[in-house]
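These notes concern the structure reproduced below.
In the numbering used here, the protein residues as written are 344 to 409.
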């Protein structure tokens, strides 16, 4: 499950989620909207904070060919 889908399903705002896990709003917003790939420690932190609903692998950003 994508992070943004999880947040919508749980009615949690991106701002609140970022605050809850102690990360910057900008970082979490970019991850939620697929503009940035998290570091492995942050991906694990997100997976734990979502009770496994968002897996680390779900947070990988697809690289597009130029």
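We put the CB at the ideal spot given by N, CA and C, even for glycine.
As the structure is a computational prediction, the values presented were derived from the model and not from experiment.
Taking the continuous alpha helix (DSSP H) assigned at residue i, which residues delimit it?
i, result
"residue 351", "346-352"
"residue 357", "357-364"
Return the residue from the list the options that minimises the CA-CA distance to residue i.
i, options, result
"residue 387", "372, 378, 377 and 364", "364"
"residue 400", "367, 394 and 380", "380"
"residue 384", "362, 366 and 345", "366"
"residue 352", "396, 404, 376 and 405", "396"
Determine the DSSP secondary structure at residue i, reduced to helix, strand or coil.
i, result
"residue 380", "coil"
"residue 370", "helix"
"residue 405", "coil"
Within 8 angstroms of any Cβ in chain B, is that where the Cβ of residue i sits?
i, result
"residue 349", "This model lacks chain B altogether; it includes just one protein chain."
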